[in-house]
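Sequence order for the protein chains is A and B.
For reference, each letter of the first sequence is one residue, going 1 to 439 in our numbering.
For reference, each letter of the second sequence is one residue, going 440 to 748 in our numbering.
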Amino acid sequence: MKKLTLALAAFAIGATGMVGPAIAQQNEQFVPALVYRTGPYAPNGIPFADGVADYWTLINERDGGINGVKLVMEECETGYATDKGVECYERLKGKGPTGAAYFSPLSTGITFALTEKVPGDKIPLLTMGYGRSESRNGAVFPWNFVAVGSYWTAADVAIQHIAKELGGMDKLKDKKISLVYHDSPYGKEPIPALEARAAKNGFTFKAIPVTHPGVEQKSQWLAIRQDRPDYVLLWGWGVMNSTSIKEAAAVGYPRDKMIGVWWSGAEPDVTPAGDQSTGYKALMLQHGAGKFKVHEDLDKNVVSKGKSVAKDTYAQVLYNRGLINSMIGVEAIRTAQKKYGNKPLTGEQIRWGFENLNLTEARIKELGFEGMLQPMRFSCEDHQGADVARVQQWDGKAWKTISDYYKADLSILDPMVKEQSAKYATEKKITPRDCSKES
Amino acid sequence: MVALGQFLEVLLSGLLAGVLYSLVALGFVLIFKASGVFNFAQGAMVLLAGLALVRSLDLMVAKGLPFWAAVIIGLLFAAAIMAAMAFLVERFVLGPLANQDGLTLFMATIGVTFMIEGGAQMLFGSNVYPLRLYPDDAWFMFENIFEGGILLNKLDVWGGVIAGVLVAGLALFFQWTKTGRALRAVADDHTAAQSVGISLNWIWFVVWLVAGLVALVAATVWGTKLGVQFSITFLALKALPVLIIGGFTSVPGAIVGGLIAGAGEKLAEAYLGPIIGGGIEYWFAYVLALIVLLARPQGLFGERIIERI
Chain A
1 MKKLTLALAA FAIGATGMVG PAIAQQNEQF VPALVYRTGP YAPNGIPFAD GVADYWTLIN
61 ERDGGINGVK LVMEECETGY ATDKGVECYE RLKGKGPTGA AYFSPLSTGI TFALTEKVPG
121 DKIPLLTMGY GRSESRNGAV FPWNFVAVGS YWTAADVAIQ HIAKELGGMD KLKDKKISLV
181 YHDSPYGKEP IPALEARAAK NGFTFKAIPV THPGVEQKSQ WLAIRQDRPD YVLLWGWGVM
241 NSTSIKEAAA VGYPRDKMIG VWWSGAEPDV TPAGDQSTGY KALMLQHGAG KFKVHEDLDK
301 NVVSKGKSVA KDTYAQVLYN RGLINSMIGV EAIRTAQKKY GNKPLTGEQI RWGFENLNLT
361 EARIKELGFE GMLQPMRFSC EDHQGADVAR VQQWDGKAWK TISDYYKADL SILDPMVKEQ
421 SAKYATEKKI TPRDCSKES
Chain B
440 MVALGQFLEV LLSGLLAGVL YSLVALGFVL IFKASGVFNF AQGAMVLLAG LALVRSLDLM
500 VAKGLPFWAA VIIGLLFAAA IMAAMAFLVE RFVLGPLANQ DGLTLFMATI GVTFMIEGGA
560 QMLFGSNVYP LRLYPDDAWF MFENIFEGGI LLNKLDVWGG VIAGVLVAGL ALFFQWTKTG
620 RALRAVADDH TAAQSVGISL NWIWFVVWLV AGLVALVAAT VWGTKLGVQF SITFLALKAL
680 PVLIIGGFTS VPGAIVGGLI AGAGEKLAEA YLGPIIGGGI EYWFAYVLAL IVLLARPQGL
740 FGERIIERI
């Protein structure tokens, strides 16, 4: 039924611009959505996809598109599988009068694969809070935008929060911190940042892999029971998260000593474990769950008109993340229109928009995202735009924000970004752009 | 003493986890015994049964029914769904493909898998649905001998008890009921069974129904462990090495195979994993299965097939 609703909504988005199809088509911006509404990761994929779709609908319904250019969306089901993700990309990249505006695959595996393809097709890759951490360096990765935060940001902030709980950075010395991670490119991403922190702050770091999909992790948690680390960081996705929480409860590991990454900190991650989740903490990709000003607009222009594809997911953590993802994409298109005109734009033109996007405090407020996001500014050198995150805790019924914003320590992360991106450039024979000459 | 305690803990948890794999493997064995078909859809059947149970149960609890009544009605509803599935599979897939070779039937069950997965999610949703039918906290045993004791998860113990009851029930069914004996006759020789008046269509319906009910039992345990969600379908892959080790035609073999696979993978993860990088339990059971295949291709309890050439 949800699929049917979505199809109707997608049709409605398109239909709003169907007076004089030929003219309308010329004034449409095609926005593809790689989603997973079925399969093992659907419980996490659905709310994100709902948020993405609802924000695009809002732009069409409330504003009549971006400066009059209607958005036309099409979803493609990836099932979180890299091969299907690439297949969807190939199918959708050329659609619409100017091709796909940008892609957001919501999968580090698909991101790794598409990173090789987007330079040839000249389409931006918006990987908000996931993907290659070193792709922050726009000089080497002109088409990747690891917006808002990378896994290295997350790892650094998690350690800062642990230090704060312990009473200072010096208290990290001789402590034991373990990482339980999804054995995939996604799960492995934070390891270099945590190793760097361990070397700097003197704690013992241990990485414990869990194989996909993560339904069986008893041996890992029995090892944790024996090893008794002071903190456990969780880098899971889908069923792995709730299984980790349940196994932690089974071995008596305190949930308030567990900190999940922002992909392990949504409602589907905690509700299956019931009361056992109480006290569990997770990073926030700045925002959390709940309604803000943008939701008032959604209620008025999308939900009340029956055009929302969200049902139970509305205003949940991942739904809100989907909204932010679309908002950043829309604002990048709007920024690009200032240079190239109010018309459908190519991926290459929109890439310029991403790179020159400046979301100030005033603009964030104007867009209705005040309280969800801090200001962020992208540039040729910086494709991340922000370095801050917060921590939330599940109280048994809802997520509660328990910290202020932490800023990742760039004195540790910047050299890593430079080193890894330079390594990538050498491997792929890429000549980095000279950002001082870019406008 | 700490090392011994840890070893026993890993071993026991592995044995009990293996029994949970056996719950899924039993469904494979039943269908293979009766029809020679390797039913790839068994994991999807666990998902369908679990979704039907949890969604109906949630609905009735929301309507104000007492939990125990909701559980009974939910189980009956899920059983009815599995009966409908068995009927449809027999009527539209296996029936028309009768007398085709094993590979064709196997491919057909792959198709059935995707249809069940898609249909189940379309009908009942694709979220995670918590199910609480058994306790899932832990016992700590021998605390006076081993520091911290030996941890035993109550849910795993429940799984072991349920598997035991299930195997006993199936043994009685096969041994003492008319339908059970007919099933064994079909398993031995389709044509001979038909010649004495046993309806192949009826038998296939019954065997898919029984496998569906076994899937429902597995869903109650795995649903409590993970929440009812799509990932349950991956259990089919956990059951495969169990079947290879125990033999495709033996009910006790499914249990013993589960014990070996479960204990083997957990011990490997705990003791071999740290040396070679970890994350090995998912494939280690297949290493054990391969060793058994090389030494005894029919599995530890499988029937040795001797054919004249």
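From the three backbone atoms N, C-alpha and C, an ideal C-beta is built for every residue, glycine too.
Listed by chain order, chain B residues near A/Arg37 by CB distance under 7 angstroms: What A/Arg37 touches in chain B: Ser565.
First and last residue of the uninterrupted alpha helix (DSSP H) at B/Gln481: Membership of B/Gln481 in the alpha helix (DSSP H) is indicated by the continuous run Gln481 to Ala501.
Cβ separation of A/Asp50 and A/Gly322, assumed to be a contact under 8 angstroms, to the nearest whole Å: Yes, A/Asp50 and A/Gly322 are in contact; Cβ-Cβ is about 6 angstroms, under 8 angstroms.
DSSP beta-bridge partners of A/Pro209: According to DSSP, A/Pro209 bridges with A/Tyr181.
A/Arg334, enclosing alpha helix (DSSP H) - first and last residue: Element bounds for A/Arg334: Val317 to Tyr340.
Near-chain A residues of the stretch 572 to 583 of chain B (beta-carbon distance less than 9 angstroms), N- to C-terminal order: The residues in question are Asp575, Asp576, Ala577 and Phe579.
Rounded separation between B/Ile584 and B/Trp578 - CA only: B/Trp578 has its alpha-carbon roughly 15 angstroms from the corresponding atom of B/Ile584.
Amino acids of chain B, ordered along the chain, whose beta-carbon sits closer than 7 angstroms to that of A/Lys218: By Cβ distance, chain B contributes Ser452, Ala456 and Lys705.
Which listed residue (A/Arg62, A/Arg228 and A/Asp269) has its alpha carbon closest to that of A/Pro254: Of A/Arg62, A/Arg228 and A/Asp269, the residue nearest in Cα terms is A/Arg228.
Environment of B/Gly598 [buried if 16+ CB atoms lie within 10 Å]: Per the 10 Å Cβ criterion, buried.
Between the CA atoms of B/Gln668 and B/Leu591 - distance to the nearest angstrom: Approximately 25 angstroms, taken between the alpha carbons.
Where the beta strand (DSSP E) through A/Asn137 begins and ends: In the DSSP annotation of this structure, A/Asn137 is not part of any beta strand (DSSP E), being labelled neither H nor E.
Three-state secondary structure (DSSP) of B/Thr630: The three-state secondary structure of B/Thr630, taken from DSSP, is helix.
Outcome for A/Ala15 when other beta-carbon atoms lying within 10 angstroms are tallied against a minimum of 16: With a pLDDT of only 44 at A/Ala15, under the threshold of 50, the placement of this residue in the model should not be trusted, and no figure is reported.
CB contact check: A/Gly129 to chain B, cutoff 8 angstroms: No, no contact with chain B.
Contacting residues, own chain, Cβ-Cβ under 6 angstroms from B/Tyr725 (five flanking each side not counted): Counting only Cβ-Cβ distances below 6 angstroms, and skipping sequence neighbours, we find Pro680.
Proximity test, Cβ basis, 8 angstroms: B/Tyr721 and chain A: Chain A, which has a Cβ nearer than 8 angstroms to the Cβ of B/Tyr721, makes this yes.
Contact check, A/Asp183 vs A/Val210, beta carbons under 8 angstroms: Yes, the pair counts as a contact, with Cβ atoms nearer than the cut-off.
Beta-carbon contacts of A/Tyr186 that lie in its chain and below 6 angstroms, excluding the five residues immediately before and after: If we look at A/Tyr186 and ignore the five residues flanking it on each side, its Cβ neighbours are Thr108.
Limits of the alpha helix (DSSP H) - the one that A/Cys88 falls within: Taken as a continuous stretch (DSSP letters only), the alpha helix (DSSP H) holding A/Cys88 covers Thr82 to Leu92.
For A/Arg132 and A/Thr115, believed in contact at Cβ under 8 angstroms, the rounded distance: Going by Cβ atoms, the distance from A/Thr115 to A/Arg132 rounds to 7 angstroms, so yes, they are a contact pair.
Whole-angstrom C-beta distance between A/Thr243 and B/Leu665, which should lie under 8 angstroms: Contact flag correct, Cβ pair sits at about 6 angstroms.
CA nearest to the CA of A/Gln337, picked from A/Ser326, A/Arg351 and A/Ser379: Comparing Cα-Cα distances from A/Gln337 to each of A/Ser326, A/Arg351 and A/Ser379, the minimum goes to A/Arg351.
Beta-bridge pairing of A/Gly96 - partner residues as DSSP gives them: DSSP, once it has assigned bridges, lists no residue as partnering A/Gly96.
A/Asn44 vs A/Pro268 beta-carbon contact at 8 angstroms: Closer than 8 angstroms, so yes.
Own chain, CB closer than 7 angstroms to B/Val596, minus 5 neighbours either side, in chain order: Residues of the same chain with a CB within less than 7 angstroms of the CB of B/Val596, apart from the 5 flanking positions on each side, are Leu455 in chain order.
Uninterrupted alpha helix (DSSP H) stretches inside the stretch 629 to 664 of chain B (no shorter than 4 residues): 629 to 634, all fully within the stretch 629 to 664 of chain B.
8 angstroms Cβ cutoff, A/Ile46 in contact with chain B: For A/Ile46, the nearest CB of chain B lies under 8 angstroms from its own CB, placing it at the interface with that chain.
CB contact below 8 angstroms: B/Gly717 versus chain A: True, the Cβ-Cβ gap to chain A drops below 8 angstroms.
Proximal residues, the stretch 661 to 673 of chain B versus chain A, C-beta separation under 7 angstroms: Going along the stretch 661 to 673 of chain B in chain order, one finds Leu665, Gly666, Gln668, Phe669, Ser670 and Phe673 with a Cβ nearer than 7 angstroms to chain A.
For A/Glu77, the three-state DSSP class (helix, strand or coil): The three-state reading of DSSP puts A/Glu77 in strand, counting E and B together.
8 angstroms contact criterion, which A/Leu92 and A/Ile177 should meet: CB distance rounded: About 41 angstroms separates the beta carbons of A/Leu92 and A/Ile177, which is beyond the 8 angstroms limit, so they are not a contact pair.
Alpha-carbon to alpha-carbon, A/Trp263 and A/Ala33: Each residue's Cα considered, the two are about 19 angstroms apart.
Chain A residues whose Cβ lies nearer than 7 angstroms to that of B/Pro569: Thr271, Pro272 and Gly274, listed in chain order.
Those runs of the beta strand (DSSP E) which lie wholly inside the stretch 523 to 589 of chain B and span at least 3 residues: As far as the stretch 523 to 589 of chain B is concerned, its whole beta strand (DSSP E) runs of at least 3 residues are 577 to 580.
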